[in-house]
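Residues -18 to -1, 1 to 461 (mature numbering (1 follows the signal peptide of the UniProt record, and there is no 0)) are what the sequence shown spells out, left to right. Encoded as structure tokens, the structure appears first; notes follow it.
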Amino acid sequence: MKSPISLLLLLFFFCATSQVSKRTAAIIKPLEKEILFYSSDDQEIKKIEELLFKETSTEELVYLAEEGKNVYIKAAAVNVLANKKEGEKMLEVFKKNIHSKEKLKYRAGCIVSDYFLSVYIYEAIDGENNFSEKEKDNLHSEMVSIALNTDPVNTDLLEALTSDLPLDDDSYTKIRRLVMETKSPILLVNLAKYKNPNDIELIKSFGKQAYSAIQEFPDPKFLPMMKENRNDSSDFAFMLALAEFCSEEAKEIVIKAIEYNKKINKEKDCGGNCLAFLYQQISIKKCTLYDAALADLWVTDKIISFDILDAYEKTHTPKETAKFLLDGFLKPGQAEVIAVNTYDMDHLEEDGSGEMIFDDNLRLVTLLEKAKKISRETYEKAVRNSLQYLDDLDLNRFISKLKDNDSVLQNRDVLLDRVRNNENAYGALNIMDGLKMLKDEKLFNEGAAIIVSRKAEFKKSPVWGENYKNFIRENNIKE
């Protein structure tokens, strides 16, 4: 005869295993295997979710979301509950998993990210066809309240929800206490949004981790700290925080930051990109006090944005602007022209500069056209300089965008020098593609003769040799 304890254990086992039907168990069986990542675009996963939606009860889904064999079964159940608009059940599942340390790898497009299960449940509310905007807001608000008031608090979850945390007085007290207990720089950012002067010293105590919080609360009392730590200016968080200030004191730090980054860039192989990013970090808030320092970067380092050029034009005569542009163009190297601030992508569609973001040649040509309107002489010298420093592969695209063959042809010597003195013969063939676009037979033939004179160099590589033969054959060149 079985003991009462044995009978109870048997009964418990029977109840646990009978929480889902055989059909549901069969549907989720493929999710029991090892999965590299979860994606609702995956056809097999999509089919499983569709079958669960049609054939599985809400009670079974809740059980799977809370007690599923692995995190991917739980995620599938969560998605189906959301699709069924089971808001109250989603809240139950969220509470059950609020301290879960389980993570799933979720793929969206080409990006695979790690999600805590509790965060995944929170974000599942946002599905396109799940809940109304009002329902989403209410469910998110309740979940945030649960996350803030649970004991112990799941810091990882709150950090993931930081952008949705409320800014009421009651939440302030809780968040401040959590910041002091957990030393979380992410929650510190949320605390800074309250802009409470009493928090300044607490924020300062985070040192380098405070900059994102200072960006939210740019009180002048932080400037001495930033001045002292201006060597942190190579950190974008420091510069984005500094950009929030617009004062003479902040301008001094900006100038020192530029000087420091110029110095360290000499030790880095980053071309103009390092300074170009710094430039955009400084200009993100369009503080006119910084315009002069940014304009100087055109003359010293050949970096300019259209916004700064427009501002310069408003405060200088055409003659002064022409000289300013020419001084920059005459510097060695390629011009770094900024059309849209990398850190201000929200305005991409508004200003119609989208195409220029990914087209260096279009940005350069646009700058040259602006120079042309101010001074023909400056424009022609700028074209000559540009032809000297363009990448080999960019020459034909530049000529196509410029639509001014006459001005380009005034620099025949530069073009032929590019063919003659190119570091490698293969690059010289790319230059010839540009020369061909100019439709000047004499120039092209002179360039072709130089290519033939470099014939031996093409033997260094089978690919080079084949390209040389194709060039000779396609253009009927006599060797």
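Don't be surprised by glycine CBs; every beta carbon is placed ideally from N, CA and C.
Counting only the same chain and skipping the five closest in sequence on each side, list residues whose C-beta sits under 7 Å from that of D96. Counting from 1 along the sequence shown, the entry for residue 96 is found at position 114. Closer than 7 Å at the Cβ level, and outside the excluded window around D96, lie K85 and K87.
Answer with yes or no whether the minimum CB distance from Y261 to chain B is below 7 Å. Included in the structure is just one protein chain, with no chain B present.
Taking Cβ to Cβ, would you say L160 is nearer than 7 Å to L170? Here residue 160 corresponds to residue number 178 of the sequence shown, with the count starting at 1. Here residue 170 corresponds to residue number 188 of the sequence shown, with the count starting at 1. By the CB criterion at 7 Å, L160 and L170 fall outside the cutoff.
Can you check DSSP and say which residues form a bridge with K36? Here residue 36 is taken as the residue at index 54 of the sequence shown, counted from 1. According to DSSP, K36 bridges with nothing at all.
If you pair each beta-carbon of the stretch 218 to 227 with each one of the stretch 193 to 200, do three or more pairs fall below 8 Å? Yes, they touch.
Can you tell me whether E456 is buried or exposed, with buried defined as 16 or more other CB within 10 angstroms of its CB? Here the question's residue 456 lines up with position 474 in the sequence shown. So E456 counts as exposed.
Own chain, CB closer than 8 Å to V396, minus 5 neighbours either side, in chain order: Mapped onto the sequence shown, residue 396 falls at position 414. Excluding residues within five positions, the ones whose Cβ falls inside 8 Å are R366, L369 and Q370.
First and last residue of the beta strand (DSSP E) that includes A90? On the sequence shown, residue 90 is found 108 positions in, with the first residue counted as 1. Run containing A90: K85 to A90, per the beta strand (DSSP E) assignment.
Taking 8 Å as the cut-off, does the stretch 306 to 323 touch the stretch 275 to 291 (at least 3 CB pairs, one atom from each stretch)? Under the Cβ criterion (8 Å, minimum of three pairs), the stretch 275 to 291 counts as touching the stretch 306 to 323.
Could you work out which residue in T38, K442, D133 and I157 is closest to E141 when comparing CA atoms only? Here the question's residue 141 lines up with position 159 in the sequence shown. With distances taken between Cα atoms, E141 lies closest to I157.
So what's S287 in DSSP terms, helix, strand or just coil? Here residue 287 corresponds to residue number 305 of the sequence shown, with the count starting at 1. DSSP places S287 in strand when its eight states are reduced to three.
Can you look up Y104 in the DSSP assignment and give me helix, strand or coil? Here residue 104 refers to the residue found at position 122 when the sequence shown is read from its first residue. In the three-state reduction of the DSSP assignment, Y104 falls in the helix class.
For F35, which residues from the same chain have a beta carbon less than 8 Å from its beta carbon, with the 5 sequence-adjacent residues on both sides left out? Here the question's residue 35 lines up with position 53 in the sequence shown. Only V62, N65 and K66 meet the Cβ criterion.
CB E42 to CB T6, shorter than 7 Å? Taking the first residue of the sequence shown as position 1, residue 42 is located at position 60. Taking the first residue of the sequence shown as position 1, residue 6 is located at position 24. In this structure, E42 places its C-beta atom within 7 Å of the C-beta atom of T6.
Looking at the structure shown, is L(-8) part of a helix, part of a strand, or coil, going by DSSP? Along the sequence shown, read from residue 1 onward, the residue named residue -8 stands at position 11. Bear in mind that the predicted position of L(-8) carries a pLDDT of just 39, short of 50, making it unreliable; the figure below should be weighed with that in mind. The answer is helix: DSSP assigns L(-8) an H, G or I state.
Closest by C-alpha distance to D399, when choosing among R379, E423, S382 and D374: Stepping through the sequence shown from its first residue, residue 399 is reached at position 417. It is D374.
Residue from C256, D292 and H81 with nearest C-alpha to K268: Along the sequence shown, one-based indexing puts residue 268 at 286. Comparing alpha-carbon positions, the option among C256, D292 and H81 lying closest to K268 turns out to be D292.
Is S389 helix, strand or coil when you go by DSSP? To locate residue 389, count along the sequence shown from 1; it is residue 407. In the structure shown, S389 sits in a helix (DSSP, three-state: H, G or I).
Could you pull out every residue in the same chain whose Cβ sits closer than 8 Å to the Cβ of H298, ignoring the five residues on either side in sequence? Looking up residue 298 in the sequence shown gives position 316. Taken in chain order, the residues that qualify are F306.
Could you give the first and the last residue of the continuous beta strand (DSSP E) run that contains F188? Residue mapping note: residue 188 aligns to position 206 of the sequence shown, counting from 1. Annotation for F188: no beta strand (DSSP E) segment contains it, and DSSP assigns it neither H nor E.
Is the stretch 198 to 217 touching the stretch 235 to 250, taking contact as three or more C-beta pairs under 8 Å? The stretch 198 to 217 vs the stretch 235 to 250: in contact.
C-alpha distance - P12 paired with L346, whole-angstrom precision: Here residue 12 corresponds to residue number 30 of the sequence shown, with the count starting at 1. Here residue 346 corresponds to residue number 364 of the sequence shown, with the count starting at 1. Their backbone Cα atoms lie some 54 Å apart in a straight line.
Classify S145 as helix, strand or coil using the three-state DSSP reduction. By 1-based counting over the sequence shown, the position of residue 145 is 163. S145 carries a helical assignment under DSSP once its states are collapsed to helix, strand and coil.
For the 8 Å Cβ check, are there 3 or more pairs between the stretch 130 to 139 and the stretch 73 to 83? Taking a cut-off of 8 Å for Cβ pairs, the stretch 130 to 139 and the stretch 73 to 83 touch, as three or more such pairs fall below it.
So what does DSSP say about E318, is it helix, strand or coil? Position 336 of the sequence shown, counted from the start, is the residue given in the question as residue 318. Residue state, collapsed to three classes: strand.
Thinking C-alpha only, which one of K424, D309, L344 and T303 is nearest V319? As a working mapping, residue 319 is identified with position 337 in the sequence shown. Measuring from the Cα of V319, the nearest candidate turns out to be L344.
Output the boundary residues of the alpha helix (DSSP H) element that contains S21. Within the sequence shown, the letter at position 39 stands for residue 21. Here S21 belongs to no alpha helix (DSSP H), and DSSP marks it neither H nor E.
Thinking C-beta only, is I235 closer than 7 Å to M208? Sequence index remark: in the sequence shown, residue 208 carries index 226 (1-based). Sequence index remark: in the sequence shown, residue 235 carries index 253 (1-based). Yes. Within cutoff.
Taking the alpha-carbon positions, what's the M419 to N403 distance? In the sequence shown, residue 419 corresponds to position 437, counting from 1. In the sequence shown, residue 403 corresponds to position 421, counting from 1. Roughly 20 Å between the two C-alpha positions.
DSSP three-state call for S443: helix, strand or coil? Here residue 443 refers to the residue found at position 461 of the sequence shown. Under the three-state reduction of DSSP output, S443 falls in the coil class, being neither helix nor strand.
Of all the options Q191, K190 and E183, which has the alpha carbon lying nearest to the alpha carbon of P202? Looking up residue 202 in the sequence shown gives position 220. Among Q191, K190 and E183, the Cα nearest to that of P202 is on E183.
Given A275, which residues of its chain have a CB within under 8 Å of its CB, disregarding the five upstream and five downstream residues? Here residue 275 refers to the residue found at position 293 of the sequence shown. Result list for A275: K233, V236, I237, I240 and I264, in chain order.
Report yes if the CB atom of A129 is closer than 7 Å to the CB atom of V60, and no otherwise. Translated into the one-based positions of the sequence shown, residue 129 becomes position 147. Translated into the one-based positions of the sequence shown, residue 60 becomes position 78. No, the pair does not count as a contact, with Cβ atoms beyond the cut-off.
Same chain, Cβ closer than 8 Å to M414, neighbours up to 5 away in sequence not counted: Here residue 414 refers to the residue found at position 432 of the sequence shown. Same-chain partners within the cutoff: V401, F426, G429, A430, I433 and F453.
Just to confirm before moving on: does the CB-CB distance between Q262 and Y193 stay below 7 Å? Locating residue 262 in the sequence shown gives position 280, where the first residue counts as 1. Locating residue 193 in the sequence shown gives position 211, where the first residue counts as 1. The Cβ atoms of Q262 and Y193 do not sit closer than 7 Å to each other.
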